[in-house]
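For the record, the sequence lines run as chains A and B. Position 24 of the first sequence, counting from 1, maps to 37 under the working numbering, and the rest follow consecutively. Position 25 of the second sequence, counting from 1, maps to 191 under the working numbering, and the rest follow consecutively. The C-beta atom is built at its ideal place from N, Cα and C for all residues, glycine as well. All remarks here apply to the structure that follows.
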Amino acid sequence: MVLATAETTTSLDFGPAVALSCRECGARYDLGPIFACSDCFGPLEVAYAWTPPGDAGAAKVTREQIESGPANIWRYRALLPVPADVASHRNLAPGWTKLVKAENLGRELGLRSLHIKDDSGNPTHSFKDRVVAIALEAARNFGFHTLSCSSTGNLAGAVTAAAARAGLDACVFIPSDLEEAKIVMASVYGGRLVGIDGTYDDVNRFCSELIGDPLGDKWGFVNVNLRPYYAEGSKTLAFEIVEQLGWRLPDQIVIPVASGSQLTKIDKAFKELIALGLVEERPYKIFAAQALGCSPVSAAFKAGHDFVRPVKPDTIAKSLAIGNPADGPYVLDIARRTGGAVEDVTDAEVVDSIRLLARTEGIFAETAGGVTVGVLRKLVANGVLDPDAETVVLNTGDGLKTLDAVSALARPTAVIRPSLDAFRTAIADHS
Amino acid sequence: MSVSVRIPTILRTYTDGASEVASEGATLREVLQKLDADFPGIGARILDETGKIRRFVNVYVGEEDVRFADGLDTATPEGANISVIPAVAGG
């Protein structure tokens with residue numbers, strides 16, 4: 014296959030990546046700015062020399078090499094579609110966020126061993142910096158000078174920030190009704206921010222059409238024509254979790270689902286680490302979390318379907334509000350294959366779970382983190398999660414981005430005159 | 167009914183590079199049949215072997231995703247714009 018439309022350089026350097034492969038039919042394509050199989054429309058993903066039927070020995074990477082790398086995602090560069098010298102490029106160097114041992118929350122929920130992977134510590138305060146960093150390298154390889162995306166908010170800020178650091182132009186698209194903080198964060202780094210009157214799915218559709226138009230055909234849309242590379246960035250969450258656990262797979266993990274891409278790539282990463290001998294093989298269960306107001310994958314799981322019927326989102330968890338999740342069917346497959354589940358929680362439970370996490374662990378999560386913690390709590394209460402197993406739950410973004418969700422409930426205990434008497438009275442009222 | 171169909175880049179090899187083509191039909195099913203008659207082979211790219219819209223293809227009549235309407239039986243009024251779009255994820 015030849016490369017699709019783009020201004021390509023003569024020598025591409027994607028490190029260990031060798032091809033794109035259709036996840037549905039297995040057709041292979043040269044590395045290029047394409048995302049869908051021309052035979053069956055299936056999503057393309059990056060294949061490496063060690064990807065079956067390739068040779069697992071082709072990776073030639075050891076734990077020691079990884080551990081001696083930088084404290085960011087580039088310590089895993091030998092497992093990503095990036096050049097060997099990527100760490101010297103201008104990028105935000107995200108990752109190596111904290112894996113917090115959540116003893117207080119674990120005690121409250123009755124879990125023996127609970128960890129929170131807190132990705133609010135990334136440069137733009139969400140996990141999106143990971144995927145954008147990989148897409149940025151692909152954009153460089155293909156000679157794109159403008160970075161773009163359709164976004165539910167976090168991605169737009171990650172793209173404009175990465176473009177600013179790399180010296181590229183940016184033009185990003187969001188639903189016009191996003192949270193104020195996400196609009197500000199997407200705008201402050203420069204570039205063009207365009208609000209679209211509609212849902213994320215409308216924005217996504219718009220971008221898909223823009224990419225086929227002369228207006229946008231020279232742009233790198235990180236989650237459209239660069240999506241195979243972009244999606245690989247989510248693997249670094251799994252790599253870090255395994256390394257931070259002492260090179261061990263967690264028994265069970267709770268992951269938020271919007272498009273489903275992150276969950277499928279975490280599963281892919283676990284499988285790659287096993288295949289490459291970097292971690293001992295053992296069973297793991299993957300649990301997917303959605304907000305009830307946008308729960309097409311959860312609904313399909315509970316109905317026993319292997320397809321996902323799109324919905325119109327209506328939830329405060331806007332970063333997860335994708336009504337037509339492209340990787341939804343794969344999430345169903347993975348949850349069932351690993352013995353996990355897909356569950357959802359109401360917006361009220363999301364808010365309550367944000368406060369629970371903040372109160373017990375000092376971590377202020379955005380609504381997506383409220384969804385995962387809420388689903389964690391529900392799965393424990395329902396007896397679906399094993400309380401004695403090592404459990405990891407993801408927080409993928411910072412609560413400062415979704416203040417509205419909790420602002421009515423998170424108020425001062427009292428407002429008083431600056432006098433001891435007033436304080437004494439106020440304390441008595443709230444003791 | 168006379169309608170226009172927007173063709174994604176991936177299928178423009180069937181339409182000599184055209185990004186938009188004319189078609190006819192009272193329902194999406196009829197429109198796609200006419201499209202396949204005019205551009206042989208394109209129908210099998212949009213529909214699977216059982217005749218359903220492929221799982222990674224989204225089809226819109228106007229602003230509406232046909233999965234929210236009547237699928238292949240969705241009415242295609244005179245002058246309707248139909249879009250065929252590969253599914254992509256994001257967030």
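- For residue 48/A and residue 374/A, the gap between their C-alpha atoms comes out near 40 Å.
- Using a Cβ distance threshold of 8 Å, residue 407/A and residue 358/A do not count as a contacting pair.
- Chain A places no beta carbon closer than 8 Å to that of residue 239/B, leaving this residue out of the contacts.
- C-alpha of residue 355/A to C-alpha of residue 35/A: approximately 25 Å in a straight line.
- Your pair residue 151/A and residue 239/A checks out as a contact, with CB atoms roughly 5 Å apart and the cut at 8 Å.
- Residue contact with chain A for residue 254/B: present (Cβ-Cβ distance below 8 Å to some residue of chain A).
- Beta-bridge partners assigned by DSSP to residue 114/A: 128/A.
- Around the beta carbon of residue 165/A, a 10 Å sphere encloses 16 or more other beta carbons of the protein chains shown; the residue is thus reported as buried.
- Sequence-distant partners of residue 158/A (beyond 5 residues in either direction) whose C-beta falls short of 8 Å from its own C-beta, in its chain, are 181, 182 and 231.
- For residue 193/A, the three-state secondary structure derived from DSSP is helix.
- Taking residue 211/A as the centre and dropping the five residues before and after it, the same chain places the C-beta of 188 closer than 7 Å to its C-beta, in chain order.
- Sequence-distant Cβ neighbours of residue 255/A in its own chain, meaning closer than 7 Å and more than five residues away, are 261, 262, 286 and 292.
- For residue 51/A, the C-beta contacts it makes with chain B under 9 Å involve 176, 177, 179 and 211, in order along the chain.
- Contacts with chain B at 8 Å (Cβ-Cβ) do not include residue 377/A.
- With contacts defined by Cβ atoms closer than 8 Å, residue 71/A and residue 83/A do not form a contacting pair.
- Close to residue 249/B, with beta-carbon spacing below 9 Å, are these residues of chain A in chain order: 218, 221 and 222.
- Against residue 225/A, the close residues of chain B are 174, 175 and 185, in the order they occur along the chain (beta-carbon pairs closer than 7 Å).
- The C-beta of residue 122/A has 16 or more other C-beta atoms within 10 Å across all chains shown, which makes the residue buried.
- For residue 277/A and residue 221/B, the gap between their C-alpha atoms comes out near 17 Å.
- Restricting attention to 180/B, 253/B, 175/B and 201/B, the CA atom closest to the CA of residue 189/B is found in 201/B.
- The alpha carbon of residue 117/A has as its nearest neighbour, out of 111/A, 125/A and 110/A, the alpha carbon of 125/A.
- Per the coordinates, the alpha-carbon of residue 395/A lies some 26 Å from the alpha-carbon of residue 326/A.
- Proximity of chain B to residue 372/A at the Cβ level (cut-off 7 Å) is not reached, the minimal Cβ distance being about 28 Å.
- Cβ contact annotation for residue 275/A (same chain, cutoff 6 Å, sequence separation greater than five): 247, in chain order.
- Separation of the CB atoms of residue 208/A and residue 173/A is rounded to 14 Å, and the pair is thereby denied contact status at 8 Å.
- As the crow flies, the alpha-carbon of residue 139/A is around 17 Å from that of residue 405/A.
- Contact annotation: in the segment 41-70 of chain A, residues whose CB is within less than 9 Å of a CB in chain B are 47, 48, 49, 50, 51, 52, 53, 54, 55 and 56.
- Annotation: the continuous alpha helix (DSSP H) that includes residue 243/A extends over 240-245.
- Residue 225/B has a beta carbon lying at 8 Å or more from every beta carbon in chain A.
- Interface annotation, residue 222/B: in contact with chain A, CB-CB separation under 8 Å.
- In this structure residue 412/A is buried. Its beta-carbon is surrounded by 16 or more other beta-carbon atoms within 10 angstroms.
- In terms of CA proximity to residue 245/A, 144/A leads the group 91/A, 371/A, 42/A and 144/A.
- Taken through DSSP and simplified to helix, strand or coil, residue 172/B comes out as strand.
- Annotation for residue 257/A: 112 place their beta carbon closer than 6 Å to its own, counting only its chain and skipping 5 residues before and after.
- Three or more Cβ pairs drawn from the segment 54-73 of chain A and the segment 211-228 of chain B lie within less than 8 Å of each other, which places the two stretches in contact.
- Comparing C-alpha distances from residue 371/A to each of 308/A, 383/A, 360/A and 361/A shows the shortest one belongs to 383/A.
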